[in-house]
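Visitor: Taken in order, the sequence shown gives residues -1 to 669; the numbers are from the numbering used here.
Quick reminder that beta carbons are idealized off the backbone N, C-alpha and C, glycines included.
Dropping the structure in here first, questions after.
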Amino acid sequence: MTLRLVKMNAPAPDEADGEAPAPARDWFTTAELAGLALDGLAGDKRSLNRRAKDERWHLRAGADGEPLSRRRSGRGGGVEYHVSLLPAPARLALVTRGLIAEVPVAGLGSAEALSAGRWAWYDAQNARTKAKAEERMALIAEIELLESAGMTRTAAVAQVSKRHGTGASTLYAWLSLIDGVAYHDRLPAIAPRFVGGGKAADIDPAIWEVFKSDYMRLSEPPLSVCYAKAAALAEARGLSVPSEKAFKRRFEQEVPQAARLLARKGSEALRRSLPAIRRTVDELHALQLVNMDGHRFDVFVTPPEGGKPVRPILIGIQDVHSRKLLAWRIGSTESAGMTRLVFSDLFANFGVPLEVYLDNGMAFASKWISGGAATRYRYKISAEEPSGLLTGLGVKVHFTLPYRGQSKPIERAWRSLCDFVSKGALCDGAYTGNNTVNKPDNYGKRAVPWAEFADEVGRMINLHNALTGRRGGVCRGRSFDEVFTESFATAPIGRATPEVMRKALLTASAIKVNRQTGEIGLYGNRYYAPFCSDLHGERVIVRFDPDALHQSVHVYGLDDRYLGEAHLWADAGFADVDGAKRTAKLAADHKQAVRALVEAHRLLDAAEVAVIQREIGGAAPELPEPKVIRPVRHRGQTAAALKLADAPEAAPREPQESRVFGALRLLPDPE
């Protein structure tokens, strides 16, 4: 066989005793390996023989084709196996104890790798093992100290054994463990190798595979049930199985925790088992980055139009740097229209942010909001689609992953509002609980009126922003309002133009202007402006704020051309004199403006126009002379009458003439 064992760091002969260490060995029997209790191998001969049979050690050969098993020579006989058949931890243990020289295998090719392997094993041990190793090293150090004072090893071992009550044979065994080992590697070399007290349970491979496959399912069947089925299957096949605890112990040893978690809990549970990223906002400033999300309240509220109580939804925008809630709206459902209005409030009150994090829901990924964004991943994206509200303003849009609260700091604010609003005194009896199990005893007793609930939400958000003592982010004991105000004063803020503000409003398409008066009707209100007088009967586009219908609306043509701002034409009471006066004044002002417009276009009076128009016309034109003469012939009744007149027997009479198309016609005598 050409496989050579290279002895590295071979110990020198013991100068005190004059004895050379045992030579390195290449071959071991299973009985010898069981007695050594090596890492990675069972501690009994029977299990080692079974492993040798399963792995077919007797058929294995080296790189040169020589067999790696042989008959043992000497008394007792048996079979010996080459060390290259052993697992790496077992070979490392043999090298550590000086029983074999280093074999050049993966990870054990040098003295540095050997030392690293020893210490890696030592670091993985518990405190009990390390304490035992330190106790042994203390006794070894005492022996070596006596030897350095001139005492022989035999005398030194005997004295230390007597002083500490440790057997001399035990001390000699410890000395053999560190014989030839570098001083800095002695501690892991002398550490005890504890092995289990009993042999491993013998489980049929087929039964074991069935048990694992049954237990590692997303249905999460109990281990006891899977064991019962495996035991029943083994009994049907005439096999025996160990106890349920043996199955559980082996399963936990073979299958890592991460694999168990993925197989039984799913990928989301595996992801949550890892530490989440923790982000800092120190480098941000106010309105540089905002995040937006919706929150459905666990409260029954009566909608404005009446009817069955609903759980309203709040859409809000939060500044990531200061954690302040900047803008919000409340509605019955989450929609792109309400999202636009929240951004409209943000633009009007604070300005245009640089970046925004949005949920990938339908209300936020709508083309009206984020059309043209390359990472929207919702709806079909085409190069011809119009830019949305945010992309048209140059706001960089980021979409968060679904069900990832860590990526949206606003989720923490929603939990706070649940305590401030949903569980508040106003909502007592209307609170539904956060799930079907946590329903309060007074569930469904009442519903909060919409106006009162909206006012409560606004006040609690203001309180949430103003509370001091905040410790998260950059607050350092200050409130969200204080942090935002401080950063807002020095941050570069983009202001929204009136055109941008109009674009953020809701749109009512194809509203027909009143044919008679020119007024625009919207949700029962009437709006009018002087330019509406040119739109009688036409269809227009109206942009408006549904929560502020008492304000003006903006009118666009069907070609999206801005026409102007129409003001509310408010109703007045029947006996409201002031309302009548206001209406009369508006009518008078309008009449005066139109009259001025007329005068501006009518530069000449009627007399001046009449004088100028005298130049129109002149002498009558000469009658034309015909160049071709067409003869006129008598036909029909006219010709018959003429013949009758020429007859000789006819009595002469005075004819009565009548012109019919230029021909003479004789009329009969009256009776």
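Can you find the residues in the same chain that come closer than 7 Å, C-beta to C-beta, to L31, ignoring five residues on each side of it along the sequence?
Guide: Cβ within range, chain order: L39 and L46.
Visitor: At what residue ranges does the segment 23 to 56 contain a whole run of the alpha helix (DSSP H), taking only runs of 4 or more?
Guide: The qualifying runs are 28 to 34 and 43 to 52.
Visitor: Secondary structure at G335, three-state DSSP: helix, strand or coil?
Guide: Of the three classes helix, strand and coil, the one that applies to G335 here is helix, per DSSP.
Visitor: Are the beta-carbon atoms of A586 and P528 separated by less than 8 Å?
Guide: Contact flag unset, no.
Visitor: Out of L169, V288 and Q123, state which residue places its alpha-carbon closest to the alpha-carbon of M135.
Guide: For the residues L169, V288 and Q123, the minimum Cα distance to M135 belongs to L169.
Visitor: Strictly by DSSP, which residues pair up with Y355?
Guide: Note: Y355 sits in a beta bridge opposite N289 and H396.
Visitor: Could you compute how far the alpha carbon of T515 sits from the alpha carbon of V553?
Guide: Distance between the alpha carbons of T515 and V553 is about 16 Å.
Visitor: Let's test the definition: count the other Cβ atoms within 10 Å of the Cβ of K51 and tell me whether it reaches 16, buried, or not, exposed.
Guide: With fewer than 16 Cβ atoms within 10 Å of its Cβ, K51 is classed as exposed.
Visitor: In three-state terms, what does DSSP make of Y441?
Guide: Looking at Y441 - three-state DSSP - the assignment turns out to be coil, as it is neither helix nor strand.
Visitor: Throw me the rounded Cβ distance for the I315 and M290 pair, which I believe falls under 8 Å.
Guide: With 8 Å as the limit, I315 and M290 qualify as a contact, their Cβ atoms being about 5 Å apart.
Visitor: Count Cβ pairs between the segment 387 to 399 and the segment 520 to 540 that sit closer than 8 Å; are there 3 or more?
Guide: Result no; under three Cβ-Cβ pairs closer than 8 Å.
Visitor: I believe H534 touches V511 by the beta-carbon criterion, under 8 Å. Please report the beta-carbon distance rounded to the nearest angstrom.
Guide: About 6 Å separates the two Cβ atoms, so the contact holds.
Visitor: Confirm, please, whether the CB-CB distance from K406 to L352 is below 8 Å.
Guide: Against a cut-off of 8 Å, the Cβ pair of K406 and L352 comes out as no contact.
Visitor: Report all residues from its chain with a CB closer than 8 Å to the CB of R58; omit the five preceding and five following residues, and keep chain order.
Guide: If we look at R58 and ignore the five residues flanking it on each side, its Cβ neighbours are P65, L66, S67 and L83.
Visitor: Where does the unbroken alpha helix (DSSP H) through W412 begin, and where does it stop?
Guide: Counting along the chain, the alpha helix (DSSP H) containing W412 begins and ends at I408 to L415.
Visitor: Using a threshold of 8 Å, state whether the C-beta atoms of V540 and L566 are closer than that.
Guide: No. Outside cutoff.
Visitor: What is the C-beta distance between A166 and A154, in whole angstroms, given that I count them as a contact (C-beta under 8 Å)?
Guide: Going by Cβ atoms, the distance from A166 to A154 rounds to 10 Å, so no, they are not a contact pair.
Visitor: Which residue marks the beginning of the alpha helix (DSSP H) containing I138, and which one marks its end?
Guide: It spans A125 to S146 - the alpha helix (DSSP H) in which I138 sits, taken as one unbroken run.
Visitor: With distances taken Cα to Cα, identify the nearest neighbour of P301 among F451, A228 and D426.
Guide: Taking only the C-alpha atoms, the option nearest P301 is F451.
Visitor: DSSP state of Y170, grouped into three classes?
Guide: Y170: helix per DSSP, three-state reduction.
Visitor: Beta-carbon separation of G475 and T488 under 8 Å?
Guide: Taking 8 Å as the Cβ cut-off, G475 and T488 do not qualify as a contacting pair.
Visitor: Which one or two residues does DSSP pair with W448 in a beta bridge?
Guide: DSSP output for W448 lists no bridge partner at all.
Visitor: Taking buried to mean at least 16 other C-beta atoms within 10 Å of its own C-beta, is P310 buried or exposed?
Guide: So P310 ends up on the buried side.
Visitor: Would you report the Cα separation of Q286 and D280, rounded to the nearest angstrom?
Guide: Approximately 12 Å, taken between the alpha carbons.
Visitor: Would you identify the three-state DSSP class for Q316, choosing helix, strand or coil?
Guide: Here Q316 sits in strand by DSSP.
Visitor: When you compare the CB positions of M214 and A180, do they come within less than 8 Å of one another, or not?
Guide: Contact: no.
Visitor: Jot down the residue ranges of each uninterrupted alpha helix (DSSP H) in the segment 201 to 282, minimum 4 residues, whole runs only, in chain order.
Guide: Qualifying alpha helix (DSSP H) stretches, in chain order: 203 to 213, 221 to 234, 242 to 252, 255 to 263 and 265 to 270.
Visitor: Exposed or buried, what is I627 when buried is set at 16 or more other beta-carbons lying within 10 Å of its beta-carbon?
Guide: Exposed: under 16 other Cβ atoms inside 10 Å.
Visitor: How is E563 classed by DSSP in three states: helix, strand or coil?
Guide: Strand, per DSSP.
Visitor: Taking 8 Å as the limit between beta carbons, can you name the residues of its chain near L547, skipping five residues before and five after?
Guide: Only L520, Y521, N523 and L566 meet the Cβ criterion.
Visitor: CA-CA distance, L282 and V350?
Guide: About 15 Å.
Visitor: Given this structure, state the Cα-to-Cα distance separating D545 from L268, to the nearest angstrom.
Guide: Going by the C-alpha atoms only, they are around 45 Å apart.
Visitor: If the criterion is Cβ atoms closer than 8 Å, does the pair V158 and L173 meet it?
Guide: No, Cβ-Cβ distance for V158 and L173 is not below 8 Å.
Visitor: Using the DSSP secondary-structure output, state which residues sit across from N523 in a beta bridge.
Guide: Bridge partners of N523: L520.
Visitor: M538 bridges to which residues according to DSSP?
Guide: Sequence check: residue 538 is Val here, not Met. Bridge partners of V538: I509.
Visitor: Give me the DSSP bridge partner(s) of Y554.
Guide: DSSP lists I539 and Y560 as partners of Y554.
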